[in-house]
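Working notes, beginning with the structure itself.
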Amino acid sequence: MIEISRLSKRYGGKVAVDDVTFTVRPGRVTGFLGPNGAGKSTTLRVLLGLDHPSGGAALIDGRRYRELRHPLRTVGALLDGAGPVPERRAVDHLTWIAQSNRIPRRRVREVLDLVGLGDAAGRRVKKYSLGMGRRLGIAAALLGDPEILVLDEPVNGLDPDGIRWVRAYLREYAASGRTVLLSSHLMAEVAGTADDAVVIARGRIVARGPLDDITAGH
Ligand code: ADP
Ligand code: ADP
Numbered sequence: 000m001i002e003i004s005r006l007s008k009r010y011g012g013k014v015a016v017d018d019v020t021f022t023v024r025p026g027r028v029t030g031f032l033g034p035n036g037a038g039k040s041t042t043l044r045v046l047l048g049l050d051h052p053s054g055g056a057a058l059i060d061g062r063r064y065r066e067l068r069h070p071l072r073t074v075g076a077l078l079d080g081a082g083p084v085p086e087r088r089a090v091d092h093l094t095w096i097a098q099s100n101r102i103p104r105r106r107v108r109e110v111l112d113l114v115g116l117g118d119a120a121g122r123r124v125k126k127y128s129l130g131m132g133r134r135l136g137i138a139a140a141l142l143g144d145p146e147i148l149v150l151d152e153p154v155n156g157l158d159p160d161g162i163r164w165v166r167a168y169l170r171e172y173a174a175s176g177r178t179v180l181l182s183s184h185l186m187a188e189v190a191g192t193a194d195d196a197v198v199i200a201r202g203r204i205v206a207r208g209p210l211d212d213i214t215a216g217h
């Protein structure tokens, strides 16, 4: 379970996230929606231990990210800018992550096949298209077979096939009782995928609840 409580984040005098509270329940896909600059990535970065809050807390199963015993087995994440070294082969990138996190090596092949990169596993990441890079990011997030998936704009720039695949995969993931938090700046991108939505604007939560109720109110 993800619990964000009274979270604030300032960069100098600029308030990026302002007193944000919400929880994300298992067994559902929750969309985290808001225009560019609304505070989505900042919230997710704090949640994943990449930044510390100015106030409040962002907890996963009751702990801060850095306090998790098995971080990658608890939460898999796809964030902007956390990409692999371009010179590296995709399979080596994933093997390195697996080894540093005591994840069995066979899992690398499994996740590559799962995201449809089985045949491109030996290629250098710099030769990958945007869509392939996104699939590789998702493969990395899935390595630890986590209970929780956090994806920042996962379909941004993806080809239609890729988008269909991500949507179907996330539905299946949540249907198995796991937790999916999916950010997007476009309502249309999460419609049909998310069950619930949390809407943020200018650092503040402006709506939350079942997605159908939220779209009906617009
Ligand atoms: P979103 O992910 O919804 O597009 P962000 O969380 O990236 O929004 O940004 C929220 C606000 O915080 C924006 O005004 C952005 O310019 C600002 N911001 C984000 N990161 C930094 C940073 N490292 N330094 C200064 N301002 C930042
Ligand atoms: P650093 O990376 O600078 O060592 P820490 O992770 O130790 O930062 O966090 C710095 C401060 O922010 C600490 O007071 C810590 O309690 C708080 N903090 C960091 N992450 C979270 C979080 N997700 N929820 C609540 N407090 C947090």
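First residue of the sequence shown: 0, per numbering that gives the first Met the number 0; consecutive thereafter. Glycine included, each C-beta is placed from N, C-alpha and C at the ideal position.
Assignment of Ile102 by DSSP, reduced to helix, strand and coil, places it in the coil class.
The beta carbon of His92 is closer than 8 Å to those of Pro83, Val84, Val124, Leu135 and Ala139 in its chain, skipping five residues each way along the sequence.
Distance from the CA of Arg207 to the CA of Leu77, rounded to the nearest whole angstrom, comes to 23 Å.
Distances from the CB of Val149 to the heavy atoms of ligand 2 are all 7 Å or more.
Nearest neighbour of Arg72 by Cα position, chosen from Arg101, Pro52 and Ala56, turns out to be Arg101. Minimum Cα-Cα distance from Asn35 among the listed residues Thr192, Val179, Ala173 and Asn155 corresponds to Asn155. Contact annotation: the segment 109-125 does not touch the segment 39-54, with fewer than three C-beta pairs closer than 8 Å.
Distance from the CA of Gly38 to the CA of Arg201, rounded to the nearest whole angstrom, comes to 7 Å.
A residue is called buried once 16 or more other Cβ atoms fall within 10 Å of its Cβ, and Lys13, having fewer, is exposed. Glu2 and Asp17 have their C-alpha atoms roughly 15 Å apart. The residues Pro34 and Asn35, in chain order, have a CB closer than 6 Å to that of His184 in the same chain once the five nearest residues on each side in sequence are set aside. Using a Cβ distance threshold of 8 Å, Thr41 and Ala15 count as a contacting pair. Within its own chain, the residues whose Cβ lies closer than 6 Å to the Cβ of Arg203, once the five positions on either side in sequence are excluded, are Asp17, listed in chain order. In this structure, Ser53 has its beta carbon at no less than 7 Å from each heavy atom of ligand 1.
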